[in-house]
Amino acid sequence: MDGSTQQIHPLNNHSTLVEFILLGFSDVSNLQKFLFGMFLIIYLIIVMSNSLIIIITWTDSSLQTPMYFFLGNFSFLEICYVSVTLPRLLTNLYRQDKSISFMGCATQMYFFLVLGVTECFLLTVMAYDRYVAICSPLLYPLIMNNSFCIQLAVGCWISGVPVHVGFTYWIFSLPFCGSNELNHFFCDIPPVVALACGDTFKIEILIYVIALSVVTIPFLLILGSYMKIISTILKLPSATGRSKAFSTCSSHLIVVALFFGSGIITYMRPKSSHSARTDKFLSLFYTVVTPMFNPLIYCLRNKDVTIALKKFLLRRNML
């Protein structure tokens, strides 16, 4: 028995589940305490390190530029992004009850998708900022003015909201009349759709269309921007100038490769090649690994952030 609980759900007239069981990492039951400790430490590192970047980008006068305005937004986004999945994972590792309500699962998926889209668009905007700064430096202050930067940031934050209201509603309007066990650590699209009974062809096509729109196209735009950026950098006469330009761009490019790479593989590969173990492993990259390494990447590879961080810590020690 799978212990599924069923009733007529108000979203439609099908017999549907009222809760799911997030199996998470129950296949390694002897490692539950270890995983709880590890993910708790990771969560604290993500929250504290990204909070530190937010503080220094907002308080240090040398970082009051569009590049660091978007970096501050990105750090805040990372805290929100991991808070959608990790607290639930920690709760499930700590207690025996791994159930999540139908509406709780839908809510988690909705915010995960909205924040994921925000991250895709924000990384694209950050690439555009670097493109303008390096390829059109004389026009940079005019193009990337305060008003335009705020509009871009707001657009990134709200662009996914209306799309994923309908998308999440459609997914959870599917009939779930079999097992209620999600072989995953959060309510991601592939494992939820896999539990639906009946024809899921239309929703799978929509998944590919949305993934193409909000993941693949932004990724290609970023690649196009960096091809132009690298071409411009290589033409710079000064070796120092080339080195500085590469240092400000390489951090962002590493983050893009980690996030988009795992996301594209997860959502764009054929359904036949999906496996629960592979999906969980890939999901860890874009939900845990990338947010954990982002602050480290930006701090170690960006001299301005490193200097600002040292100044901030020095001021704290003097208090």
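Our numbering puts the first residue of the sequence shown at 23, with every later residue one more than the last. Glycine included, each C-beta is placed from N, C-alpha and C at the ideal position.
Mind checking Thr81: buried by the 16 CB within 10 Å criterion, or exposed?
exposed
Buried or exposed, going by whether 16 or more other CB atoms sit within 10 Å of the CB of Trp179?
buried
For Ser73, does the three-state DSSP call read helix, strand or coil?
Collapsing the DSSP output to three states places Ser73 in a helix.
Quick check on the DSSP output: the alpha helix (DSSP H) that includes Ser105 runs from which residue to which?
88–116
Measure from the alpha carbon of Gly46 to the alpha carbon of each residue in Pro259, Gly200, Pro213, then state which is nearest.
Pro213
Given this structure, state the Cα-to-Cα distance separating Tyr132 from Ile78, to the nearest angstrom.
Taking the straight line joining both Cα atoms gives about 31 Å.
If you drop the 5 nearest sequence neighbours on each side, which residues of the same chain put their C-beta closer than 7 Å to that of Arg116?
Per the sequence shown, the amino acid found at residue 116 is Tyr instead of Arg. Closer than 7 Å at Cβ, skipping near neighbours: Phe58.
Per DSSP, what kind of secondary structure is Phe194 in: helix, strand or coil?
Coil at Phe194, not helix or strand.
One question on the structure: do Pro317 and Ile75 come within less than 8 Å of each other, judged by their Cβ atoms?
yes
Nearest by alpha-carbon distance to Leu304: which of Ser284, Ser297, Val311, Pro292 is it?
Ser284
What is the DSSP secondary structure of Phe42, counted as helix, strand or coil?
In this structure, DSSP gives Phe42 an extended state, which the three-state scheme calls strand.
Which term fits Ile63, buried or exposed, when burial requires 16 or more other beta carbons within 10 angstroms of its beta carbon?
exposed
Do Ser201 and Leu217 have their CB atoms nearer than 8 Å?
yes
List the DSSP bridge partners of Ile122.
Phe42
Across which residues does DSSP place His203 in a beta bridge pair?
According to the sequence provided, residue 203 is Glu. The question's His does not apply to it. Answer by DSSP bridge pairing, in chain order: Ile43.
Please state whether DSSP places Asn344 in a helix, a strand or coil.
This structure leaves residue 344 out entirely; the chain is present only between 23 and 341.
For His36, which three-state DSSP category applies?
At His36, the pLDDT of 44 sits below 50, so the modelled position is not reliable; the number obtained from the coordinates is stated separately. If DSSP states are grouped into helix, strand and coil, His36 belongs with coil.
Rounded to the nearest angstrom, how far is the Cβ of Leu108 from that of Tyr65, given a contact under 8 Å?
5 Å
What is the DSSP secondary structure of Ser235, counted as helix, strand or coil?
helix
If you drop the 5 nearest sequence neighbours on each side, which residues of the same chain put their C-beta closer than 8 Å to that of Phe98?
Asn72, Ile76
At the level of alpha carbons, what is the spacing between Ile30 and Tyr191?
Residue confidence is low: Ile30 scores 38 on pLDDT, short of 50, so the model does not pin down where it sits. Its coordinate-derived value is still stated next. Spanning the two alpha carbons is a distance of roughly 16 Å.
Going by C-alpha distance, which of Thr113, Ser121, Phe281, Pro197 is nearest Cys142?
Phe281
So for Ala218, helix, strand or coil by DSSP?
coil
In terms of alpha-carbon separation, which member of Lys55, Ala175, Ala128 lies closest to Thr89?
One detail in the question is off: residue 89 reads as Met in this sequence, not Thr. When Lys55, Ala175, Ala128 are compared, the shortest CA-CA separation from Met89 is found for Ala175.
Could you tell me the alpha carbon to alpha carbon distance between Thr328 and Cys321, rounded to whole angstroms?
5 Å
Among the candidates Gly246, Ile156, Asn205, Leu144, whose CA atom is the shortest distance from the CA of Val236?
For Val236, the nearest C-alpha among the options comes from Leu144.
Can you round the beta-carbon distance between Ile43 and Glu226 to whole angstroms, since I take them to be within the 8 Å contact cut?
Glu226 and Ile43 do not touch by the CB rule: their CB atoms are close to 23 Å apart, not below 8 Å.
Under a three-way DSSP split, which group does Pro259 fall into?
Correct three-state label for Pro259: coil.
What distance in whole Å lies between the Cβ atoms of Phe208 and Gln130, which are believed to be in contact at a cut-off of 8 Å?
6 Å
Who are the Cβ neighbours of Gly138 in its own chain at under 6 Å, not counting the five residues just before and after it?
Counting only Cβ-Cβ distances below 6 Å, and skipping sequence neighbours, we find nothing.
Is it the case that the Cβ atoms of Glu41 and Ile68 are separated by a distance below 8 Å?
no
Can you say whether Arg299 is buried or exposed, counting buried as having 16 or more other CB atoms within 10 angstroms of its CB?
Around the Cβ of Arg299, a 10 Å sphere holds fewer than 16 other Cβ atoms; the residue is exposed.
Considering only C-alpha positions, which residue in the set Phe241, Tyr230, Pro197, Ser181 is nearest to Asp221?
Pro197
Could you give the distance in angstroms between the alpha-carbon of Leu256 and the alpha-carbon of Leu275?
Distance between the alpha carbons of Leu256 and Leu275 is about 17 Å.
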